[in-house]
Amino acid sequence: MIKLIETLGRTLIGFSGELGRIVLLLLATVRQALMPPLELRNTFYQMLEIGVRSLPVVVVTAIFTGMVFALQTYTGFKRFGAESVVGTVVALSMTRELGPVLTGLIVAGRAGAAMAAELGTMRVTEQIDALETLATNPVRYLIVPRFFAGMIMLPAVTIVADIIGIIGGYIVTVGLFKTSSVVYWKRTWDFLVASDIYNGLIKACFFGASIAIISCYKGFYTSGGAEGVGKATTGAVVLSSMTILISDYFLSNWLFR
Amino acid sequence: MTGISTEIKVGIFAIFAIAVLGFMTFRAGGLEWAKTRGYAVNILFNNTAGLDEKTKVKVAGIDAGVIEGIDLVKGRARVRLRLDKDIVLYKNATASIKSSGLLGDKFLSINIGTQDQPQLKDGDTIENVREVIDIDDLALHFLRFAQNFSDLTASLNDILGSEESKESVKQSIRNLKDITDSLRLGIDVNDLKLRKTLDNISSLTGSLSRLVDGSSHAVANISDFSGTLKTSGTDLVLDLNKAVREFREIVEENRPAVKSAVASLDSITGTINRGEGSIGKLVRDDKLYDSVSKAAEGLNRTLSTIDRFRTFITFQADYLTKPKGTKGQFYLTLQPSAENYYVFGVVADPAGKTGPGGELSNRVEFTAHLARRFGNAALRLGVTENTFGAGGDYFMDKDRWKISADVWDFSKNEEQAKRPHVKVGMNYFVFKDIFLSAGMDNILNKKGRGGYLGVGVRFEDEDFKYLLGSMSLAK
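Listed in order, the protein sequences are those of chains A and B. Per our numbering, the first sequence starts with residue 1, numbered consecutively. Per our numbering, the second sequence starts with residue 258, numbered consecutively.
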């Protein structure tokens with residue numbers, strides 16, 4: 001019994017400690033980010049990594065998501081004669097929800113894991129300590145570029161995912177179900193408002209920042225050699241994905257109500 | 258991809274993303290300011306009926322602009338439209354609110370008017386507005402109409418009721434008969450023409466009656482008319498009588514003139530019927546019919562009067578100390594208005610009654626009361642347990658307490674009864690629907706005197722009410 005309580009207490013302390021360290025790291029990152037000059041080269045490299053190189057995966061995911069979404073809504077809506085609004089449904093769900101969240105999850109899996117592995121390896125091979133001895137702030141040199149890259153590139157990738165998803169929906173409703181392409185586009189643009197798109201991008205921006213901070217945190221505080229790096233990588237992906245899905249609810253509640 | 262620097266790749270991607278974002282927001286209507294502005298026109302509505310900012314404005318079903326803003330101006334809604342530049346409206350343009358689509362989305366439809374009128378400029382107001390028809394308003398009109406109509410018939414009844422006026426009416430009918438006789442003699446020659454005239458008149462009056470039905474203006478006139486009739490009815494009939502007599506004299510004197518008058522009447526009604534002239538247009542216009550049929554829909558709403566009608570059902574069981582036994586009671590209270598109500602009840606009485614042959618009659622008895630309420634007190638009159646009876650109630654604490662006194666059986670039919678049956682007691686509502694009852698029964702009769710104690714349920718019944726409502730409509 002005592003043990004049980006003890007375990008609970010330890011978990012709680014560990015959790016709060018982790019949360020606290022993440023917030024501290026975030027604060028440190030923001031403080032460093034506000035002090036120019038930035039590590040531009042590094043930032044661009046990270047943008048390439050997070051944004052451009054994630055693009056193919058995101059495009060494939062988005063197009064199939066849009067297609068399957070159109071497929072399912074079409075069959076459903078056909079039952080009460082509302083096939084014409086499939087475009088609306090696909091566009092709204094892509095821009096408001098699926099675009100940001102799916103992109104976030106994919107980037108978390110791809111770039112987040114890479115970040116955690118990279119920083120973890122640097123930590124266990126004492127490269128981060130070496131940076132410190134060279135009077136280079138590791139947060140400034142390693143984390144700020146990733147943080148910025150995540151915040152900027154995730155919305156950029158998301159907007160591409162949005163349009164690709166809508167095109168995917170078009171392929172299915174017009175190509176497969178032979179409905180009018182004019183109706184599809186008309187319904188899409190008639191009911192989509194700019195705030196749908198912008199709020200989706202604000203979400204993506206949050207997701208990008210949290211992926212970067214969580215993955216960097218996991219990598220930065222890695223310990224225990226090669227095994228530790230593996231654990232850090234897994235932890236980074238799991239925690240980022242959870243954060244995305246949980247914060248998505250609260251962000252939606254805040255943005256879309 | 259070797260040879261292209263990181264920066265270029267990121268840059269290309271950024272340009273692409275911004276282009277997509279720009280395209281999407283433009284299509285989604287987020288960049289209104291980037292489009293050509295067009296011009297603004299105002300419309301005043303009594304009821305915008307669900308119009309909203311950004312609602313589409315359509316001309317002939319094609320998008321022509323959006324609603325830019327809606328605000329209140331002296332209790333009316335001012336709708337500001339932003340129309341595309343190439344849409345031209347004229348002074349007599351009309352605006353109406355329409356709905357489209359599965360979910361009844363509203364849009365504003367504009368008829369651009371005719372080209373002989375001056376064009377509308379930026380900031381002008383469209384003056385012709387077809388308002389959304391408010392069913393409640395219509396129902397109100399009809400209620401007023403029905404009220405006036407019943408007033409009219411009532412006053413007619415008053416007028417025709419008296420002996421004097423009956424005689425006058427008889428007299429005038431006799432006179433009328435004389436006139437028609439004379440007319441017949443004179444007009445036989447023109448039989449064909451007359452028939453045509455009559456046809457015309459019949460279709461004219463048909464149209465007129467439709468006109469009268471639909472127009473609230475006419476309703477007001479009828480009301481005035483009935484008021485006048487009420488005050489000067491008898492005199493009017495006398496005057497009419499006199500007028501008819503004079504008319505007859507004139508007709509007899511001027512037979513040839515009547516003939517020609519009939520001929521010209523024929524030509525006038527013909528003109529009207531063909532839709533010529535302003536009256537003709539009025540009569541032949543289908544719009545009248547449309548508005549009448551819309552009004553008829555509103556009539557359905559008069560059903561809402563049923564809502565004021567309340568029905569209560571009461572079950573009560575009292576234990577009587579003398580004769581020992583339980584008295585079961587069921588009452589149905591119909592309350593058409595707050596002051597008047599009717600109580601119908603069935604009572605299973607342990608105290609039987611002596612029949613004509615001295616035997617105990619059945620113990621099921623009926624109660625029917627007509628009741629009127631004055632503030633906290635109510636008087637009831639009618640049949641109490643199969644005999645004539647009367648009673649009074651006094652209510653306290655928002656009807657939670659009720660003190661009642663009842664007298665019945667004045668003919669002393671009840672077993673061993675020497676005096677009428679008097680019962681005094683009170684009910685107290687413990688909960689909303691459940692009450693306790695207690696009191697003294699048969700106080701004036703020494704042998705029957707006893708106390709009672711009971712419990713009951715009283716609830717308002719909705720279904721029954723609607724059943725009654727539909728029954729009264731069905732007849």
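Even for Gly, the Cβ is constructed at its ideal location relative to N, Cα and C. These figures come from a predicted structure and were not determined experimentally.
Min CB distance residue i to chain A below 7 Å
i, result
"L308 of chain B", "no"
"A321 of chain B", "no"
"K574 of chain B", "It is Ala, not Lys, that sits at residue 574 of chain B in the sequence shown. Answer no: the Cβ-Cβ gap between A574 of chain B and chain A never drops below 7 Å."
"F270 of chain B", "yes"
"L409 of chain B", "no"
"M281 of chain B", "yes"
"L278 of chain B", "yes"
"T583 of chain B", "no"
Beta carbon proximity, residue i to chain B, threshold 7 Å
i, result
"I197 of chain A", "yes"
"Y45 of chain A", "yes"
"W254 of chain A", "no"
"G66 of chain A", "no"
"I13 of chain A", "no"
"I163 of chain A", "yes"
"V238 of chain A", "no"
Residue burial classification, residue i (beta-carbon count within 10 angstroms, cutoff 16)
i, result
"L461 of chain B", "buried"
"I592 of chain B", "Per the sequence shown, the amino acid found at residue 592 of chain B is Gln instead of Ile. Q592 of chain B is buried by the Cβ-count criterion."
"S668 of chain B", "exposed"
"I5 of chain A", "exposed"
"S425 of chain B", "buried"
"D656 of chain B", "exposed"
"M653 of chain B", "exposed"
"Y249 of chain A", "exposed"
"N253 of chain A", "exposed"
"V89 of chain A", "buried"
"G9 of chain A", "exposed"
"G51 of chain A", "buried"
"F623 of chain B", "exposed"
"T583 of chain B", "exposed"
Listed by chain order, chain B residues near residue i by CB distance under 9 Å
i, result
"L142 of chain A", "Chain B residues near L142 of chain A: none, gap ~17 Å exceeds 9 Å."
Proximity to residue i [Cα-Cα], best of the options
i, options, result
"T568 of chain B", "B:G585, B:L577, B:A574, B:T590", "B:T590"
"G252 of chain B", "B:K680, B:D343, B:L301, B:F716", "Examination of residue 252 of chain B is not possible in this model, given that chain B is present from 258 through 732 alone."
"S240 of chain A", "A:V58, A:V183, A:L19", "A:L19"
"G332 of chain B", "B:T305, B:E310, B:T312, B:K689", "B:T305"
"R110 of chain A", "A:A62, A:N199, A:T234, A:G17", "A:T234"
"N385 of chain B", "B:D379, B:L397, B:H398, B:T371", "B:T371"
"V124 of chain A", "A:Y249, A:K231, A:L98", "A:K231"
"F716 of chain B", "B:I691, B:M697, B:A350", "B:I691"
"T641 of chain B", "B:F587, B:K689, B:T578, B:M653", "B:F587"
"M47 of chain A", "A:G165, A:V144, A:R140", "A:V144"
"G318 of chain B", "B:G380, B:I367, B:A625, B:F631", "B:I367"
"E83 of chain A", "A:G169, A:I202, A:A204, A:L255", "A:G169"
"G201 of chain B", "B:V687, B:Y685, B:V681", "Past the edges of chain B, shown from 258 to 732, lies residue 201 of chain B, and the structure says nothing about it."
"A226 of chain A", "A:I244, A:P138, A:E126", "A:E126"
Within chain A, the residues that residue i reaches when beta carbons sit closer than 7 Å
i, result
"E264 of chain B", "F44"
"A274 of chain B", "A156, I159, V160"
"V314 of chain B", "Ordered by position in chain A, no residue passes the 7 Å Cβ test against V314 of chain B, which lies about 14 Å from the chain."
Residues that residue i bridges to, as DSSP identifies them
i, result
"D666 of chain B", "According to DSSP, which records beta bridges pairwise, D666 of chain B is partnered with nothing at all."
"K363 of chain B", "B:S356"
"M653 of chain B", "B:W658"
"H678 of chain B", "B:W665"
"Y709 of chain B", "B:L577, B:G696"
"H398 of chain B", "Answer is none; H398 of chain B lacks a bridge partner."
"N368 of chain B", "B:T351"
"Q376 of chain B", "B:Y347"
"D320 of chain B", "B:K315"
Proximal chain A residues relative to residue i, where beta-carbon distance stays under 9 Å
i, result
"R284 of chain B", "W185, T188, W189, L192"
Partner residues on chain B for residue i, Cβ-Cβ distance less than 7 Å
i, result
"V52 of chain A", "K266, V267, F270"
Per-residue contacts from residue i into chain B (C-beta, under 8 Å)
i, result
"L48 of chain A", "T263, K266, V267"
Residue i CB to nearest heavy atom of the ligand NAP below 6 Å
i, result
"P100 of chain A", "For the ligand NAP, the structure offers nothing, since it holds no ligand at all."
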